[in-house]
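Everything on this sheet refers to the single structure shown next.
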Amino acid sequence: TMMTGGAVQLACQAVRTEIERHGGLQDLRQPVEASRVFHHRPTRKLDAEGQGDPHVSFAFGAARAVVEVDTDLGLVRVVQLAVAQDVGRALNPQSVLGQIEGGSAQGLGLALMEEVTLVDGQVKNASFTDYLIPTILDMPPVVSEMIEEPEPGLPYGAKGVGEPSTVVVPAAVVAALRQATGRDLRRAPVKPDDLVGL
160 TMMTGGAVQL ACQAVRTEIE RHGGLQDLRQ PVEASRVFHH RPTRKLDAEG
210 QGDPHVSFAF GAARAVVEVD TDLGLVRVVQ LAVAQDVGRA LNPQSVLGQI
260 EGGSAQGLGL ALMEEVTLVD GQVKNASFTD YLIPTILDMP PVVSEMIEEP
310 EPGLPYGAKG VGEPSTVVVP AAVVAALRQA TGRDLRRAPV KPDDLVGL
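Heads up, the sequence shown is in this note's numbering, so the first residue is 160 and it goes up one at a time.
Below, the structure written as structure tokens:
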């Protein structure tokens with residue numbers, strides 16, 4: 160919606176105007192078509208004082224992870240994720256919650272599993288047999304909270320909603336592991352070797 164919704168909104172308004180010009184649907188004899196182009200408002204670089212308008216909108220989110228760690232084997236189980244996110248206006252709340260959960264799954268993968276392995280410049284884990292991503296068995300319950308603050312200047316006030324949880328969840332998982340183990344974990348994915356022998 161954030162990227163294409165403006166063009167859809169403008170095209171629908173043009174179709175509605177044309178239908179109204181004909182007196183309504185009952186008097187319409189031909190299909191009505193319209194195409195429109197939408198441009199987000201211009202952005203401005205930050206000035207010397209750090210003031211400006213560098214982005215169309217900002218994404219705000221926060222996450223909490225509850226983890227269990229087996230320090231003998233280096234195994235991690237994420238017990239629960241909680242994510243709160245500014246979604247602008249949720250046009251389809253169930254879809255927005257699904258996007259937050261999907262982004263949370265990606266974030267879990269980035270925190271604990273996903274890493275491209277290169278040997279002599281060649282990818283050695285190019286298939287899903289070798290490149291690990293979370294499955295339903297890896298996913299904990301996700302408690303999602305939508306904060307609706309419509310974004311001025313964006314179509315219908317909606318924001319992009321899939322990406323923020325992909326960013327905040329890895330940070331929450333690694334922070335929970337640092338808290339649980341006392342280890343100074345500085346990279347992701349966190350591997351079993353990073354946690355063994357505490």
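Here a beta-carbon is modelled for each residue, glycine too, at the ideal position from N, C-alpha and C.
For residue i, the nearest candidate out of the options (CA to CA)
| i | options | result |
| --- | --- | --- |
| L256 | H181, A270, A241, L269 | A241 |
| E177 | A166, V191, G165, L169 | V191 |
| V328 | V225, L205, G165 | V225 |
| R360 | P213, L169, G211 | Because the chain spans 160 through 357 in this model, residue 360 falls outside it and cannot be assessed. |
| S368 | H214, K318, G261 | Lying outside 160 to 357, the shown extent of the chain, residue 368 is not represented and no answer is given. |
| G341 | A331, A222, Q189, L354 | L354 |
Counterpart residues of residue i in DSSP-defined beta bridges
| i | result |
| --- | --- |
| G247 | E307, A317 |
| G268 | The partner list for G268 (beta bridge, DSSP) is empty, contrary to what the question assumes. |
| G209 | G209 pairs with nothing; no bridge assigned. |
| D229 | L234 |
| G224 | Per the sequence shown, residue 224 should be read as Ala rather than Gly. For A224, which the question treats as bridged, DSSP gives the partners L240. |
| L277 | V282 |
| V301 | L240 |
Length of the line joining the Cα atoms of residue i and residue j
| i | j | result |
| --- | --- | --- |
| S216 | G312 | 9 Å |
| V237 | H181 | 59 Å |
| A264 | T276 | 21 Å |
| R175 | E273 | 48 Å |
| L187 | A193 | 15 Å |
| D103 | Q210 | Residue 103 lies beyond the stretch modelled for the chain, which goes from 160 to 357, so this question has no answer here. |
| M161 | K318 | 5 Å |
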